[in-house]
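Undergrad:
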Amino acid sequence: MSHTGPARTEQIRANIRAARARIEEACEKAGRDPSEVSLIGVTKTYPASDVRILASLGVTDVGENRDQEAAPKAAETADLGLNWHFVGQLQTNKARSVASYANVVHSVDRAKLARALGDRAAAAGRRLTCLVQVNLDTDSEAGVIGPRGGVDPGDVVGLAERIAEHEALTLGGVMAVAPRDGDPDAAFARLQEVAGVVRDHYPRATVISAGMSGDLEAAIGRGATHLRLGTALLGSRGPIVG
Ligand SMILES: *Cc1c(COP(=O)(O)O)cnc(C)c1O
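Position one of the sequence shown corresponds to residue 1 (the UniProt record's numbering), numbered consecutively onward.
#1: Within a Cβ cutoff of 7 Å, which residues of the same chain sit near S213, ignoring the five residues on either side of it in sequence?
#2: Return yes when the C-beta of S213 is under 8 Å from any heavy atom of ligand 3, and no when it is not.
#3: Could you pull out every residue in the same chain whose Cβ sits closer than 6 Å to the Cβ of I53, ignoring the five residues on either side in sequence?
#4: When you compare only the Cα positions, how much space is there between G242 and G125?
#5: Look at the alpha carbon of L169 and the alpha carbon of A95, and state the distance between them as a whole number of angstroms.
#6: Would DSSP call H166 helix, strand or coil?
#7: Kindly provide the ranges of any beta strand (DSSP E) runs that are 3 or more residues long and lie completely inside the segment 40 to 106, ordered along the chain.
#8: State buried or exposed for S56, treating a residue as buried only when at least 16 other CB atoms are found within 10 Å of its CB.
#9: For H201 and P6, I'd like the C-alpha separation in whole angstroms.
#10: Buried or exposed for G154, please, with buried defined as at least 16 other CB atoms from any protein chain shown within 10 angstroms of its CB.
#11: Note down the Cα distance separating D79 from S49, rounded to an integer number of angstroms.
#12: List the endpoints of the continuous beta strand (DSSP E) containing L113.
#13: Once the 5 residues before and after W84 are set aside, which same chain residues still bring their CB inside 8 Å of it?
#14: Work out the CA separation of V87 and K175 for me, nearest whole Å.
#15: Can you tell me whether L234 is helix, strand or coil according to DSSP?
#16: Would you list the one or two residues that DSSP bridges to F129?
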């Protein structure tokens, strides 16, 4: 499959249209206004040329899950002034790099990372919006760490405090990935509850980042404000998993 040229643009245009139709239908079912739901194009494994195509079609919020891939792509498209979202598990030693290009980090899962991101953002004269990633994998309650990252629901407010107190960070809200073989509706219902508790403490932390290509309807039904769509916009990534 070619990744450049008019055919690629038309394909992505059609994919965006189909995704927006799904979003509108899900919003109608949920009694929500589609303008409450933002779409983030997750561009991992796809080239910077696709980022340009997305931007040309109005998708100016883009996401990546690995710094090694995100940093050069953000640099190649710096002229576009995009809003970069970092959505993957993040090692503290990458905080400096991520804080140099990201606007939003969805995957803050420990106080040490929040501090590192805040200190690096401050040093670069930037502000970062951070979301607390919530672990919705009920296995972790039995002591098995869920494979998808995040803090347990009971620890979310404590970590939110660490973010909110840093001068260079803004607490945006919460994020989660539905468990691989669970019911996404039940998982996102739990996330919505946790988001409500965070909002009780921090009324401006209204973001619920939930919903990917396979489960965006369930996420919209449970109050998602930001969808992270890769496959639905750019096509199947094949055997490479993120
Ligand atoms: C890859 C990825 C997505 C997008 O997944 P799709 O199923 O391709 O839409 C969303 N969120 C995170 C954290 C990801 O790593």
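Even for Gly, the Cβ is constructed at its ideal location relative to N, Cα and C. Keep in mind it's a predicted model, so treat the numbers as computed, not measured.
TA: According to the structure data:
#1: One-based indexing of the sequence shown puts residue 213 at position 213. Correct list, in chain order: L229, G230, T231, A232.
#2: Because ligand 3 does not appear in the structure shown, any question about it cannot be addressed here, the ligands present being ligand 1.
#3: For the purposes of this step, residue 53 is identified with residue 53 of the sequence shown, where counting begins at 1. Within the same chain, I53 has close Cβ partners T9, I12.
#4: Position 242 of the sequence shown, counted from the first residue, corresponds to residue 242. Position 125 of the sequence shown, counted from the first residue, corresponds to residue 125. Legend: pLDDT at G242 = 44, less than 50; position of this residue unreliable, no value from coordinates given.
#5: Here residue 169 refers to the residue found at position 169 of the sequence shown. Here residue 95 refers to the residue found at position 95 of the sequence shown. Going by the C-alpha atoms only, they are around 13 Å apart.
#6: Counted from its first residue, the sequence shown places residue 166 at position 166. Three-state DSSP puts H166 in coil, outside helix and strand.
#7: 61 to 64, 83 to 86
#8: Translated into positions along the sequence shown, residue 56 becomes position 56. That one is exposed.
#9: Here the question's residue 201 lines up with position 201 in the sequence shown. Here the question's residue 6 lines up with position 6 in the sequence shown. Straight-line spacing of the CA atoms in H201 and P6 works out to 49 Å.
#10: Taking the first residue of the sequence shown as 1, we reach residue 154 at position 154. It is exposed - the Cβ of G154 has fewer than 16 other Cβ atoms within 10 Å.
#11: As a position in the sequence shown, residue 79 is number 79, starting the count at 1. As a position in the sequence shown, residue 49 is number 49, starting the count at 1. Going from the Cα of D79 to the Cα of S49 covers about 13 Å.
#12: Numbered from 1 along the sequence shown, position 113 holds the residue referred to as residue 113. Note, L113: premise wrong, no beta strand (DSSP E); alpha helix (DSSP H) at 111 to 123.
#13: Within the sequence shown, the letter at position 84 stands for residue 84. Cβ within range, chain order: V62, G63, E64, A70, A74, Y101, A102, N103, V104.
#14: For the purposes of this step, residue 175 is taken as the residue at position 175 of the sequence shown. For the purposes of this step, residue 87 is taken as the residue at position 87 of the sequence shown. The amino acid occupying residue 175 in the given sequence is Met; Lys does not appear at that position. C-alpha separation (whole angstroms): 9 Å.
#15: Here residue 234 is taken as the residue at index 234 of the sequence shown, counted from 1. L234: helix per DSSP, three-state reduction.
#16: Start at 1 with the first residue of the sequence shown, and residue 129 comes out as number 129. The displayed chain sequence assigns Thr, not Phe, to residue 129. Answer by DSSP bridge pairing, in chain order: V104, T170.
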